[in-house]
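Counting with my numbering, you get residues 349 to 729 for the letters of the sequence shown.
Presented below is the structure to which this report refers.
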Amino acid sequence: MDYFLTEEQKKLKETIRKFAEDKIKPVRKELDEKSLFPREILTEMAKLDLFRLFVPEEYGGIGLSILNMCLAVEEVARVDAGVAVSYAVVGLGAIPIILRGNEEQKKKYLPGMAEGKLYGAFALTEPEAGSDAGNVKTTARLEGDYYVINGSKKFITNGGEADVYIVIASTNPTKGVRGLSAFIVEKGTPGFIFGKAEDKMGIRASVQRELYFDDMKVPKENLLGREGEGFRIAMMTLDRSRPIIGAQAVGIAQGAMEEAVKYAKTRVQFGEPIISFQGIQFMLADMAIQIEAARSLVYSVARFADSGVKSFSKEAAMAKAFASDVAMKVTTDAVQVFGGYGYMKDYPVEKYMRDAKITQIYEGTNQIQRLVIARALMREY
Ligand code: COS
């Protein structure tokens, strides 16, 4: 199906698919085994102008399009979901600046991000603020021309590798979520310390670190929007990134299904390729149905988000939850099609299954997505 994509969008998908096959596939096993940040690959992606996909034209991009981001992330994730998230999170760092940055902030950071020279990261999560994202304990105290930030962040993707961090901190702890504010923090700021890289089950070609802020002084011009707007900025950012994670999940599922079909055509048992057995055929057909349904939903929601509509939190949550559940089911079944070989690291499907799991957890667990959806239903009907 072509999903009513424009010629440019089809071309974009093809270009990235070829790039991922040629440049990522040969190294993905090594990136996974050694858990390496894919800097060289991202540099190559920047040469293909892929970092311009999430930056408006006036700042050196080709216009923020959630759909284009989805297409790019899906194609990268079809080969390696870790590389896909490293790339996507640069966009996640840019989105708050695009949404609420002033002209100076946009001019300072977005052109470098569009060129792929400045990497972004988004620092909301803390040890005590996971699903309960409003429970941020990091504080920011205004002192003269600076905010002095103290606290820590957890599981921050691109942590240590990124140059620009959007940090959510409380400027008024008595106000709870309404006291949170968003700051642009540059790597190298005195008092900004990185913890060790996490050792993870999947998406190992990406890096997550703790961030520590020890009396870190940030110029007051680095406040995004107004004091107290931080939670809203964070939620608006997540509304935009959740369909993109949905696309990552679609890519993972697609990659796993393709491997399963190819394997089923060559694996002979009882004197026949196992694809001739209805039990296997039905599993493969179910994978294909679920993937098309997930892709259709993700693209529709991305288009809806790009249409300029005011609120699409419910739809973004649906795309993320549905596609990631599909990815988990499809990759688990792909391992099943491979049988015992699927459980071994010699074949790529166990990695798809490990990579899929995080898509049900990050960018808001699927339980939180359902909560967002249910709250919207309560308001609507
Ligand atoms: N867009 C704009 N504003 C939003 C919003 C959205 N999508 N969602 C909430 N808000 C606003 C609300 O309107 C409310 O503002 P007022 O106080 O002015 O009315 C404020 O934010 C608080 O909203 P709410 O009461 O819904 O907050 P909760 O503490 O109940 O939290 C959930 C809401 C659970 C949905 C939120 O904490 C969440 O998404 N958690 C998951 C976090 C996550 O995804 N983490 C992933 C890691 S970060 S990459």
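Glycine included, C-beta positions come from ideal geometry on N, C-alpha and C.
For residue j and residue i, believed in contact at Cβ under 8 Å, the rounded distance
i	j	result
Val609	Leu632	6 Å
Ala671	Val646	5 Å
Glu711	Ser589	6 Å
Phe531	Val515	5 Å
Val678	Gln626	Val678 to Gln626, Cβ: 19 Å. No contact.
Gly594	Lys705	Not really, about 15 Å apart at Cβ, beyond 8 Å.
Asn416	Gln453	That pair is no contact at about 23 Å.
Ala436	Ile592	5 Å
Gly536	Asp703	Rounded, the Cβ-Cβ distance is 31 Å, inconsistent with contact.
Met584	Leu447	6 Å
Arg387	Asp428	Wrong, their Cβ atoms sit about 14 Å apart, outside the cutoff.
Gly464	Ala517	Not confirmed; about 28 Å, so no contact.
Heavy atom of ligand 1 within 8 Å of residue i beta-carbon
i	result
Asp587	yes
Val525	yes
Leu725	no
Phe542	no
Ser413	no
Met736	Since the first residue of the chain shown is 349 and the last is 729, residue 736 is not available in this structure.
Gly482	yes
Phe579	yes
Glu711	yes
Phe470	yes
Gly594	no
Leu440	yes
Ile706	no
Leu719	yes
Thr473	yes
Ser479	yes
Ser672	no
Ile716	yes
Ser659	yes
Same chain, Cβ closer than 7 Å to residue i, five either side skipped, listed in chain order
i	result
Thr389	Here residue 389 turns out to be Ile, not Thr, going by the sequence shown. Excluding sequence neighbours, Ile389 sits near Lys371, Ile372, Val431.
Val720	Ser661, Lys662, Ala665
Gly460	Leu466
Pro696	Glu607
Phe652	Phe660, Glu663
Ile414	Arg588, Pro591, Ile592, Ala650, Ala653, Asp654
Arg489	Tyr495, Val496
Contacting residues, own chain, Cβ-Cβ under 8 Å from residue i (five flanking each side not counted)
i	result
Gly482	Gly524, Val525, Leu528, Phe579
Pro538	Met564, Lys565
Gly576	Thr519, Asn520, Lys523, Arg526, Gly527, Leu528, Ser529
Ser479	Gly712, Thr713, Gln715, Ile716
Pro475	Ser500, Lys502
Glu392	Phe367, Lys371
Met605	Leu632, Met635, Ala636, Ile639, Val678, Ala682
6 Å Cβ shell around residue i - same chain, five flanking residues per side excluded
i	result
Lys613	Pro621, Ile623
Arg425	In the sequence under discussion, the amino acid at residue 425 is Ala, which differs from the Arg named in the question. Closer than 6 Å at Cβ, skipping near neighbours: Ala432, Gln596, Gly599, Ile600.
Val555	Phe385, Glu509, Ala545
Ile410	Arg400
Phe402	Leu412, Met417, Gly439, Ala442
Leu398	Ala420
Arg552	Asp380, Ser383, Gly430
Arg643	Val598
Tyr560	Ser500, Ile541
Lys548	none
Leu360	Leu419
Arg365	Glu423
Tyr351	Tyr647
Residue i Cβ short of 8 Å to ligand 3 heavy atom set
i	result
Glu698	With respect to ligand 3, the structure shown offers nothing to examine, as its ligands consist of ligand 1.
Evaluate the contact criterion for the segment 684-693 versus the segment 398-410: three or more CB pairs, one atom per stretch, below 8 Å.
-> no
In the segment 468-522, which residue ranges form an unbroken beta strand (DSSP E) of at least 3 residues, counting only runs that do not cross its ends?
-> 468-471, 487-491, 494-505, 512-518
Inter-stretch contact at 8 Å, needing at least 3 Cβ pairs: the segment 469-481 / the segment 500-514 | yes
Are there three or more Cβ pairs, one per stretch, closer than 8 Å when the segment 565-575 is compared with the segment 488-499?
-> yes
Would you mind listing the beta strand (DSSP E) stretches within the segment 601-643 that are 3+ residues and don't spill past its ends, in chain order?
-> none
What runs of the alpha helix (DSSP H), each 4 residues or longer, lie entirely inside the segment 358-425?
-> 376-382, 387-395
Ranges of the alpha helix (DSSP H) found wholly within the segment 645-713, counting only runs of at least 4 | 661-686, 697-707
Counting only runs that start and end within the segment 525-588, where is the beta strand (DSSP E) found for 3 or more residues in a row?
-> 528-534, 540-545, 556-567
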